[in-house]
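To start, the structure itself, in structure tokens.
In the numbering used here, the protein residues as written are 17 to 80.
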């Protein structure tokens, strides 16, 4: 069990994201993460365990 946790911790990546839509309307925005391991232009998510949030709520203008 400790070995599997160790492997999991060594194979994690952190991604940053900046939305291209500048409007801040307080609405839910969906996120989709696609990973192309072999560079063929097709997602390889079925070969990997990709964990990420599916959406977030953009704060309204003036709120943080």
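Where a beta carbon is used, it is the ideal one built from N, C-alpha and C, also for glycine.
- For the set 36, 55, 71, 58, the Cα lying nearest the Cα of residue 46 is the one of 71.
- For a cut-off of 8 Å, the C-beta gap from residue 66 to residue 49 is around 6 Å, short enough to register as a contact.
- Judged by their CB atoms, residue 73 and residue 32 are not nearer to each other than the 8 Å cut-off.
- Under DSSP, residue 73 forms a beta bridge with 44.
- In this structure, the beta-carbon distance from residue 40 to residue 77 falls below 8 Å.
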